[in-house]
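There are 2 protein chains.
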Amino acid sequence: MSQQRHGNTPGNAGAVPAFPDLPEATIARLPEYLRALHNLAETGSETVSSEGLAAAAGVNSAKLRKDLSHLGSYGTRGVGYDVALLIDQIEYILGLDQRRAVALVGVGNLGHALAGYDGFASRGFRIVGLFDADAERVGKTINGLPVRHVDELGRAVVEDGITIGVIATPAGAAQGVADELVAAGVTSILNFAPCVLSVPAGVDVRKVDLAIELQILSFHEHRKASLTALPGGRVGENGNQEAVGS
Amino acid sequence: MSQQRHGNTPGNAGAVPAFPDLPEATIARLPEYLRALHNLAETGSETVSSEGLAAAAGVNSAKLRKDLSHLGSYGTRGVGYDVALLIDQIEYILGLDQRRAVALVGVGNLGHALAGYDGFASRGFRIVGLFDADAERVGKTINGLPVRHVDELGRAVVEDGITIGVIATPAGAAQGVADELVAAGVTSILNFAPCVLSVPAGVDVRKVDLAIELQILSFHEHRKASLTALPGGRVGENGNQEAVGS
DNA sequence: CGCGATTTGTGCACGCCTTCACAAGCGCCT
DNA sequence: AGGCGCTTGTGAAGGCGTGCACAAATCGCG
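These protein sequences, in sequence, are chains F and V.
Here the numbering used here is used: position 75 in the first sequence is 1193, and no number is missing along the way.
Here the numbering used here is used: position 209 in the second sequence is 1327, and no number is missing along the way.
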């Protein structure tokens, strides 16, 4: 899975304001639904059934209906969901209507690619600051944005209203950067460095480790190989190779 | 969470061969333990307690013990785990002792970064083939490896013994590449393209969508903002802002 | 040799998530 | 107006994962 646990979710027993507290698993799927909905909107669809949207998002239709039911009743029985309305709803819930400002720290190999990744801008995020500790890189511009020294990070966070920090530094520098981000008031961090970050409660950290994903695949390759190349014996004893699916 | 479901896991009732079928959640954490163990080995530690390793990997110690118990008994009560032994065990389980050959398709913005990412090689993976459909890019070399046309993908998979394919193309091209990988015999795919891949049962697909992670963080930002900036009233009615933690 | 300190391995209970199955609701056609 | 087909929304059941708490096992020391 490759995600770090979320630091908080206060123990509010009954005083939830006007915000639905969705299951974490549902939240993680909303972006996928959103992408599928945008695709549908481009093809001119005005409504979509749970079955159709579920197929486009690669999930079970019952799961999709339960997920959407947590947001409220935005479907019409016998018809389906209004595509445009649902897009607005999900984007509101995800807070994407605010075009959040993002700081990217570390413009090495990976950071450089992230700085140029257009998937961010197209989904409501603006990378407004690039930072690095290497004097060699400071001053260069990527996609029209100058690379500043990491010492300026704190001031930039405040001045530019940055709410999310992305760490793409080597593992050794990540904790220090995280500390600076937190000190400057950032409460959401996306960490690409292969290390565990320690942050105070109330700060959310999500981790993406590209090598971990490969290792998980490697495990399944190993497992599959050991299943097919059985020494002698009970292969296919109970029939069906490919079950389930989805 | 950003993972696609695994296509298979046959319905083998009782005939599992000589391979432990670990819980999926455990598998996903093994790479993290492995990284922590390598760090410990470099500092000269010969043994480590579950508490110590859990802290280094950012998880609960009970969870760690349960995870490791699934692999067998490799710890000594009163002492801890033998670092070197545990590294060997986990690497064997993950199939990392085979230095798997990986094909990378799509050397655009992100693909270029992946091709140069040294985190792969250091964890037992060799990128042995780069492919792209753009004639502009074919022929160039990245890290000493030439970019070949995607038409050669099928032959290269067979000749070079490639077992894992990484897709870093635009969304529109991803399904076609996946089909070619599967046709050539690849059964594990890591997909960076923002789309759902359809593959036959028995093929594992894992998905990484960088923008999705940001959107999940955005949700939590939105939630936190709506909690602190309550219109009038019941803030702090029930005390503790920061609970749990982990 | 025995005892206490330490740490692993695990039984158990709890909570979250998924999935099925179906009632309730909506629109369309006659 | 009435009925029929289609689709949503949800109650309930089952499975999986987590974390506590403790018994079992090992080491070191007197």
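Positions of the beta carbon are idealized from the N, C-alpha and C atoms, including for glycine.
No experiment lies behind these values; they were computed from the predicted model shown.
| Query | Result |
| --- | --- |
| Taking only beta-carbon atoms, is Gln1359(F) less than 8 Å away from chain V? | Residue placement at Gln1359(F) is poorly supported in this model, since its pLDDT is 31, which falls under 50; the coordinates still yield a value, given next. So yes, Gln1359(F) belongs to the interface. |
| Quick check on this structure: which residue in Ser1344(F), Asp1327(F), Glu1339(F) has the alpha carbon closest to the alpha carbon of Pro1149(V)? | Asp1327(F) |
| Ser1306(F) bridges to which residues according to DSSP? | Asp1322(F) |
| Considering Cα atoms alone, identify which of Ile1282(F), Gly1170(F), Gly1242(F) is closest to Asn1309(F). | Ile1282(F) |
| Can you tell me whether DSSP reads Val1220(F) as helix, strand or coil? | strand |
| Using a Cβ-Cβ distance cut-off of 8 Å, determine whether Asp1200(V) contacts chain F. | no |
| Here's the rule: buried if 16 or more other CB atoms are within 10 angstroms of the residue's CB, otherwise exposed. What is Val1276(V)? | exposed |
| For Asn1227(V), decide whether its Cβ has a neighbour in chain F, counting only Cβ atoms nearer than 8 Å. | yes |
| Out of curiosity, what's the CA-to-CA distance linking Gln1359(F) and Val1177(F)? | The predicted position of Gln1359(F) is uncertain, since its pLDDT is 31 and thus under 50; no value can be drawn from it. |
| In chain order, what residues of the same chain lie with their CB nearer than 8 Å to the CB of Tyr1192(F), ignoring the 5 residues before and after it? | Leu1186, Tyr1199, Asp1200, Leu1203, Leu1204, Gln1207 |
| Among Leu1263(V), Gly1303(V), Gly1162(V), Glu1209(V), which has the Cα closest to the Cα of Val1225(V)? | Leu1263(V) |
| Can you tell me where the alpha helix (DSSP H) with Leu1189(F) in it begins and where it stops? | 1179-1189 |
| Output the distance between the C-alpha atoms of Ala1174(F) and Thr1259(V), rounded to the nearest integer angstrom. | 37 Å |
| Per DSSP, what are the beta-bridge partners of Asp1200(V) in this structure? | Thr1165(V) |
| Short of 6 Å in beta carbon distance, which residues of its chain neighbour Asp1215(V), apart from the five on each side in sequence? Order them along the chain. | Glu1209 |
| If we count the other Cβ atoms within 10 Å of its Cβ and call it buried at 16 or more, is Arg1241(F) buried or exposed? | buried |
| How should Lys1342(F) be labelled, buried or exposed, when 16 other C-beta atoms within 10 angstroms of its C-beta is the threshold for buried? | buried |
| For chain F, find out if any of its Cβ atoms is closer than 8 Å to the Cβ of Arg1195(V); answer yes or no. | no |
| With a threshold of 8 Å between beta-carbons, can Tyr1235(V) be considered close to chain F, or not? | yes |
| Look up Thr1259(V) in the DSSP assignment and give the residues it is bridged to. | Pro1264(V) |
| Using the three-state DSSP reduction, which class does Gly1226(F) fall into: helix, strand or coil? | coil |
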